[in-house]
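In our numbering, the protein residues as written are 267 to 1376. The beta-carbon is built from N, C-alpha and C at its ideal position, and this holds for glycine as well. This one's a predicted model, so the numbers in the text were calculated from it and none came from an experiment.
The following block contains the structure:
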């Protein structure tokens, strides 16, 4: 045995017991002896013995995880003697009575009370141990529990404390913690910063922009004349916290954590639909000071929370948070979708757990974490939580927007239906008469030109399933045979073909779904998901054009019952792929499509020869087939089918073959798209089901001997019955096929000119309402559909090597080993666990991030790693004080920021004393304010702000022109850096040069480099040159009459936030003279020549002080 730490205290034993008691399912019924074993002995074995003497690890042949192991002992013989317990080798080595075999090896002897407990346990007969060694799984659990018992003692897992601020003679609680540490090292805090430096620091820290000259002059004057001036500083802080620019600046920090990018990267670098909406959501959240616990919950389960409505924008903010799970890099042509899913989920887990918990959970993908209390089981428990959700476009409009026009359109449809039934009844009577007249005159004659019957029988060929096939047949054979002979012959042929088709369909195709019977577990979403499925028949109206009715709708799914603008998504339950083809009977248009998704991979159609997507553009039902068995490796994979309208597609496609839907998104401003589906079959050979002949056979009378009048009357009865059933919403699919056939061949009136004026006016009112339905707003997010699944462990991280299945849950060290309850929504449970009062990490990590974003270094320097390999906190009590302050302020991030920036520490000067440089060179004690370089985006924003060219337009899409993305009419090049379009394969060179991270993995701690390329960029970049020229031009226009020195002073103060010294002014005057000489400018023109002033402005933008916060 090897002792790693001193013997546990009673408190630590209790912690150990909590960690292992749930794994004792193999124990007999609870007794006093087994209770003693569990509470007093098993923690000792776990802590000090099992690492070397359990499972596969049996040093010296000794195993201590069963009675047999104790009885057999190891190389030194049996370990216990039940006949003479006190003489057992176990007790002798623990008491150090065996000079050559002292245990724990190489460590001090265990406390006497611990040895006494073990002696008592031996006398009891080793209760609580299984008779035989545990299985490999049980042994692995025991080994992990031993590690967990030790690792959970790490500082980060401990509950939050509420330490009182030390009494050290300063007022602000933050300063009291800091000064107490300084005093221990013999340091004193630096004096306050100058008013100009303090203003510049506050402005950059809170809104990311420099102060104007007038701001600087006013603040400095007030600070020098107003007593006490603390109120001036607090007023400044409050004003900046309420500025909309606060959210723009602080959202930038957050987007680093969420690896924000607007394209998927890799070769094709597809856009991520509406990714900008997530960015805008974060800006609004920081400005609105959304409680941080709610903010976290929205990221994990915003779609499952009660709505957080934005009354001004009329949207639901909550589901936008889940967009961070869509922002990762994604291969567009994965050759192994299982591996691609594993990579994607690893990135999602890494982002989630680092951002919210400061943990490197993804290190446990292939094996238990090497250092932290995070097991592989923990990782795959979270894997199941995340992978059980599906990527989706989510509707963010508020309920009243989604309900716009719904009631009016429903009422108009009902009134129209009543009127149409009467008129169409008249039409069918007239068509029946025409049929009788034609048949009486002899089928060999042609029906009246331009009539319905002429259109039916004049076709060159007609499928036997067509409702008009009988009459087409009579026209073809009428001159050769009598009417009765022709009908009899037709029935014989048709009956034979009907039986053959039915047999072929049954032998080739297996019914998967019949939507006339219900949704069959499919998940429906969109603007009005409750209207997509209907068990009865329906009809759809045309939104424009000469025709009023688009089509009759059978029982099943149809997204356009009220309007094509509603769109929709229909997704199947997960299934294990086990066939070669899937065929669906669909209608739809405007880039509606059906696709197969495997392992949540969203771009199956880009896999070579996969053809996993089928677009369809058909007014009436038709079959589309997806070949799903192209590769044997796809068989057995977790799959689902998805039918979507164009705005609801989870990604854009811009390959050569797939350009159509993308172009429609661009060119169609209405958002109209629709689908309908009523049947799905699977099959192993190519081809689609043949249309059967039930409908066509309905029009041949059963009894022979009927003439033309009787045949016409029979036809009339059949079509009128179908229409009557439709009027009661009771028409079946066959009835609807018939009615659509009548509509297509114009047996039923459908043109505006054919209807009374009042009915046309009613249809126009519907169209007016429908035209007012907005194009609904979608955003990239995720949704939970169905029960989800528990993931198996991927041995060595490979999805092709599944191991034990792990129930979904949070980290065992915080949540325990209990799985989330059956039927619960796992992501919602996870969101609650992350923000639970028992979770010490969420508040700690965010408090530390706020400190990092203000001071340039976290109290825990490794802001994304609170684990063993991370840095310990420099001020643990202060960290817990700030974390509890955040919670006490109802998770207000603004309140926490305000509390910190009102401290003397934040407002102190930024120069280090000699003692500080000697005793604390890294300034971990914060005796002075660290000098910080501006973030990459802020360098650019400062240039634009100082030169007067900054476009302050907020929000909206700023990427390539694309009408579907609601592009904001503003100059994206001149807007703040947070609005720059982030294309992963074409990142901004200036941003990279100033250390903006590549958006591939979460990044909470940007590096700050100093390299020659930064200076060269500011010297040579065309953007910087253009801004310098614009600045000099505007300054010349505004201050041409001002003295040379005053103009220089104003430009200097604009750039650096302070007044220049006389020496600095003189140096710049001399620079102007040198440049004028270089350009050969006469002395009389030096004050107005833009070239020298542009160079001066350029010099100021290149000053080192320009890009640093004092």
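Residue i to residue j, Cα distance in whole Å?
i: residue 928; j: residue 661; result: The predicted model places residue 928 with a pLDDT of 45, which falls under 50 and marks its position as unreliable; any figure quoted below should be read in that light. Between residue 928 and residue 661, the C-alpha separation is close to 19 Å.
i: residue 541; j: residue 528; result: 5 Å
i: residue 1178; j: residue 1117; result: 19 Å
i: residue 1225; j: residue 1246; result: 8 Å
i: residue 1314; j: residue 497; result: 32 Å
i: residue 1137; j: residue 637; result: 13 Å
i: residue 1150; j: residue 426; result: 7 Å
i: residue 459; j: residue 490; result: 13 Å
i: residue 1354; j: residue 1306; result: 7 Å
i: residue 974; j: residue 698; result: 11 Å
i: residue 1038; j: residue 935; result: 13 Å
i: residue 1234; j: residue 1216; result: No answer about residue 1234 holds up, because its pLDDT of 48 lies below 50 and its placement is not dependable.
i: residue 575; j: residue 668; result: 13 Å
i: residue 606; j: residue 420; result: 34 Å
i: residue 646; j: residue 894; result: 28 Å
i: residue 551; j: residue 781; result: 42 Å
Check for me: the beta strand (DSSP E) holding residue i runs from which residue to which?
i: residue 670; result: From DSSP, residue 670 is part of no beta strand (DSSP E); its letter is neither H nor E.
i: residue 957; result: Taken as a continuous stretch (DSSP letters only), residue 957 belongs to no beta strand (DSSP E), as it is neither H nor E.
i: residue 864; result: 859-864
i: residue 941; result: 940-949
State the DSSP-derived secondary structure class of residue i, mapped to helix, strand or coil.
i: residue 984; result: helix
i: residue 599; result: coil
i: residue 1198; result: strand
i: residue 852; result: strand
i: residue 292; result: Reliability of the predicted coordinates at residue 292 is poor, the pLDDT of 30 falling under 50, and no value is obtained from them.
i: residue 503; result: helix
i: residue 976; result: helix
i: residue 1362; result: helix
i: residue 1051; result: coil
i: residue 270; result: Low local confidence applies: a pLDDT of 33 at residue 270 is under 50, so the model's placement there is unreliable, and no value is given.
i: residue 588; result: helix
i: residue 1325; result: coil
i: residue 532; result: coil
i: residue 1347; result: coil
Measuring alpha carbon to alpha carbon, tell me which residue in the options is nearest residue i.
i: residue 1244; options: 331, 1270, 1202; result: 1202
i: residue 1091; options: 1103, 1076, 1104; result: 1076
i: residue 1208; options: 978, 1125, 1294, 1131; result: 1294
i: residue 385; options: 346, 500, 665; result: 346
i: residue 641; options: 1081, 1353, 395; result: 1081
i: residue 566; options: 512, 1079, 788, 1095; result: 1095
i: residue 866; options: 592, 1126, 670; result: 592
i: residue 243; options: 856, 767, 956, 868; result: Here the chain has residues from 267 to 1376 only, and residue 243 is not among them.
i: residue 348; options: 333, 360, 359; result: 333
i: residue 1282; options: 1367, 344, 1033; result: 1367
i: residue 1128; options: 1272, 997, 824; result: 1272
i: residue 598; options: 538, 563, 656; result: 538
Looking at the unbroken alpha helix (DSSP H) that takes in residue i, where does it start and where does it end?
i: residue 742; result: 735-743
i: residue 300; result: 298-302
i: residue 464; result: 461-472
i: residue 822; result: Looking at the DSSP string, residue 822 is not in any alpha helix (DSSP H); the run it does join, the beta strand (DSSP E), is 822-824.
i: residue 560; result: 558-567
i: residue 374; result: Premise fails: residue 374 is in no alpha helix (DSSP H) and is neither H nor E.
Give a single yes or no on whether residue i has its beta carbon closer than 7 Å to a heavy atom of the ligand FMN.
i: residue 671; result: Among the components of this structure there are no ligands whatsoever, and the ligand FMN is therefore not found.
**OP:** Counting only runs of 4+ residues fully inside the region 1019-1044, write out the alpha helix (DSSP H) ranges in chain order.
**Re:** 1023-1037
Original post:
Unbroken alpha helix (DSSP H) runs of length 4 or more, entirely within the region 397-450: which are they?
Top reply: 402-417
Subject >> Segments of 4+ residues assigned as alpha helix (DSSP H) that fall wholly inside the region 1055-1101 >> reply: Listed in chain order, the complete alpha helix (DSSP H) runs (minimum 4 residues) inside the region 1055-1101 are 1078-1081, 1092-1100.
Original post:
Unbroken alpha helix (DSSP H) runs of length 4 or more, entirely within the region 618-661: which are they?
Top reply: 642-653
Subject >> Unbroken stretches of the alpha helix (DSSP H), 4 residues or longer, contained in the region 719-786 >> reply: 735-743, 749-774
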